[in-house]
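Colleague:
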Amino acid sequence: MSDPGTEEQASRRAAFSLQWQMLAGFLIGLTAGLVAYAVTPGAPWIDAVTRYLTGPIGQVFLRLLFMLVIPLLVSALIVGIAEMGEMRSLRRVGLRTLLYTLIVSGIAVVISLALVNLLQPGSGVDPAQARALLADAGQGAKAILDRGADTPTGMQALIAIIPDNVIAAMADNDILAVMVFALFFGIGLVLVQTKETKLLLDAMEGLFAVTMRLISIVIRLAPIAIACFMFNLAAQFGWDLLLRLSAYVGVVLLALAIQMFGIYSLLIGLLARDRRCASSPPCRKQASWPLPPPPPTPPCRPPSALRRRICTCRAASPASSSPSAPPPTRMARRCSRGSRSCSSPNSSMSTSALASS
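Here the sequence shown is numbered in my numbering, starting from 85 and rising by one per residue.
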């Protein structure tokens, strides 16, 4: 039987090595493409390599990922919703998650539009190169442009997220419609608790596990696919377009950094403060934070006049006046009196009796 800690360490090392392999593939493809563009720009062999070798490899990698996206999304949503167990938990968590997603997504859209309009990363791109890039992308770019032109707006966009045919929505890669179907399917599994639905939930969990395993296998081809993508881009368009694309990548990374380290940190701080206030009763009664310190505890010491009387009584007791023991000093009597008066359970009673005598 294998150790779970050892397996986790092995998976972390594999993921770390895959990142370095992706970086190596990026550099190798970029270097080879730039060398080919500098030595023989526009040569027929470059077109043949990109059309029959590097281009198909990259397309196969993307198609394998897109093939597994829908099964992964459907199984993950159905299993996650069905494991809530009851509608009360689903209602509470679902509403909070929906509200949080809408707020965070709206902030991300505002940040992205502001940065794009402010920095304008694509302003210096040559229109001829842009047309050549779209022509090289082929059917994929054409489908994206046609879909953007046919995107519904307003009330039609709200109605369109509810699929009339879930198979057609999966075929058209309509992610929002597929997510709505998975949401309703998961709610149905929560409402119907039978032996058959338990088997169906187990099947969805198995589909999720199989899809994750297949994605982990496909992702191992990412270094080769990245090298092919970078070779195609660098060998056909050279440095100029790469610099413009790097400006676009820089804007994307800047927006992600603002969202991650700015917006998310602020939201986590606000939510953590609200949770801390909700769990502390004094915080609900006062508006200031942090809470005021508690009042100091009075010391366990008798008054000065009473201390002298206690020391005098103990000094005159038979135990302290025995001939075998030396007479205690004043400091010793005070230390003995202080420790006994604070530690003895009857110290308060004896102190009151001495004070009244």
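Cβ atoms here follow ideal geometry from the backbone N, Cα and C, with glycine treated the same way.
Keep in mind the model is a prediction, meaning the values are calculated, not measured.
With three or more beta-carbon pairs closer than 8 Å as the criterion, would you say the region 306–321 touches the region 134–147?
Modeller: Short answer: they touch.
Colleague: According to the neighbour-count rule (16 or more other Cβ atoms, all chains shown, within 10 Å of its Cβ), is Q448 buried or exposed?
Modeller: Beyond the ends of the chain as shown, which are 85 and 441, falls residue 448; an answer cannot be given.
Colleague: Does the pairing of the region 270–289 with the region 147–167 give three or more beta-carbon distances under 8 Å?
Modeller: With the cut-off at 8 Å, the region 270–289 and the region 147–167 touch.
Colleague: Which stretch, first to last residue, makes up the alpha helix (DSSP H) that contains P307?
Modeller: First-last of the alpha helix (DSSP H) with P307: 306–341.
Colleague: Can you have a look at S101 and say buried or exposed, based on whether 16 or more other CB atoms are within 10 angstroms of its CB?
Modeller: With fewer than 16 Cβ atoms within 10 Å of its Cβ, S101 is classed as exposed.
Colleague: Do you know whose CA, among L137, W129, L148, I195, lies nearest L298's CA?
Modeller: It is L148 whose Cα lies nearest to the Cα of L298.
Colleague: Go ahead and label L283 buried or exposed: buried means 16 or more other beta carbons lie within 10 angstroms of its beta carbon, across all protein chains shown.
Modeller: Exposed, by the Cβ-count rule.
Colleague: Are there 16 or more other CB atoms within 10 angstroms of the CB of M151, so buried, or fewer, so exposed?
Modeller: Per the 10 Å Cβ criterion, exposed.
Colleague: Figure out for me which residue from A311, G353, L340 has the closest Cα to the Cα of A116.
Modeller: The option with the nearest alpha carbon to A116 is A311.
Colleague: Just to check my reading of the structure: I195 and Q343 have Cβ atoms closer than 8 Å, yes? What is that Cβ distance to the nearest angstrom?
Modeller: With 8 Å as the limit, I195 and Q343 qualify as a contact, their Cβ atoms being about 6 Å apart.
Colleague: Look at A261 and I162 and say whether their C-beta atoms are less than 8 Å apart.
Modeller: No, the pair does not count as a contact, with Cβ atoms beyond the cut-off.
Colleague: CA-CA distance, L337 and L137?
Modeller: Approximately 31 Å between the Cα atoms of the pair.
Colleague: On the three-pair Cβ rule with 8 Å, is the region 103–121 touching the region 285–302?
Modeller: Taking 8 Å as the limit for Cβ pairs, the verdict is that the region 285–302 does not touch the region 103–121.
Colleague: Between which two residues does the alpha helix (DSSP H) containing Y136 stretch?
Modeller: No alpha helix (DSSP H) contains Y136, which DSSP labels as neither H nor E.
Colleague: Spatial neighbours of T295 within its chain, please: C-beta separation below 7 Å, excluding the five flanking residues on both sides.
Modeller: Correct list, in chain order: L152, P155, L156, S159.
Colleague: Rounded to whole angstroms, what's the CA-CA distance from R328 to R135? Just pull it up for me.
Modeller: Computed Cα separation, rounded: 24 Å.
Colleague: With a Cβ-Cβ cutoff of 8 Å, do L199 and V335 count as a contact?
Modeller: Going by C-beta atoms, L199 is nearer than 8 Å to V335.
Colleague: Put A127 into one of helix, strand or coil per three-state DSSP.
Modeller: Coil.
Colleague: Going by DSSP in three states, Q204 sits in which element: helix, strand or coil?
Modeller: In this structure, Q204 counts as coil in the three-state DSSP scheme.
Colleague: Just to confirm my understanding: we take L302, look at its own chain, exclude 5 residues before and 5 after, and list those with CB closer than 8 Å. What are they?
Modeller: Leu is not the amino acid found at residue 302; the sequence shown has Val there. Cβ neighbours of V302 beyond the five flanking positions: F145, L148, L149, L152.
Colleague: Per DSSP, what kind of secondary structure is R97 in: helix, strand or coil?
Modeller: Reduced to three states, the DSSP call for R97 is helix.
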